[in-house]
Amino acid sequence: MGHHQGAPMPATLRHAFRARAHPARSVPCPHEPCHARAHQACRVAVNGRLLKDVHPARKNRWALTTACCPECQVQPGIPCHDDGIPRHEVHDRRIQEAKETLA
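Mapping of the sequence shown onto full-length UniProt numbering: position 84 corresponds to residue 84, and the numbering continues sequentially without gaps.
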């Protein structure tokens, strides 16, 4: 006998479940070797355990794509910099700005 899936989850319930998750889950995780897709939980590579939080690289990607940086005054999609020198991560203030933009 085959496995049958039930009805799809109503959008209101799906939103409630996602509301508890970090908003950075809306973007894919760039962390090696996680690479969780958008709206999926990050995983620990060695044991496959799901993380409650997201990898820092995912928070950075989310903030980069959703918020301007109050520290270095760049627009969404443009990487942060320190006096013209590109940063590997966004400024902490940009992550805060992204959170406030959601509120």
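Here a beta-carbon is modelled for each residue, glycine too, at the ideal position from N, C-alpha and C.
CB contact flag (ARG49, ALA24, <7 Å): No; because the gap between Cβ atoms is not below 7 Å, this pair is not in contact.
Check whether the Cβ atoms of HIS81 and CYS68 lie closer than 7 Å to each other. no
Excluding the 5 residues flanking PRO76 on each side, which residues of the same chain have their C-beta closer than 8 Å to its C-beta? Its chain contains LEU64, THR65, THR66, ALA67 and CYS68 as the residues whose beta carbon lies nearer than 8 Å to that of PRO76, once the 5 sequence neighbours on both sides are disregarded; these appear in chain order.
Report the rounded CA-to-CA distance for ALA98 versus VAL46, giving the unit in angstroms. 31 Å
Given the structure, does GLN96 come close to the ligand ZN, in the sense that its CB is under 6 Å from one of the ligand's heavy atoms? This structure simply doesn't include the ligand ZN, nor any ligand for that matter.
Enumerate, from N- to C-terminal direction, the unbroken beta strand (DSSP E) stretches of 3 or more residues contained entirely within the UniProt domain "DNA-binding phage zinc finger" (18–63). none
What does the Cβ neighbour count give for ILE78, buried or exposed, with the cut at 16 atoms within 10 Å? exposed
Paired residues, beta bridge with ASP83 - DSSP: Per DSSP, none; premise fails for ASP83.
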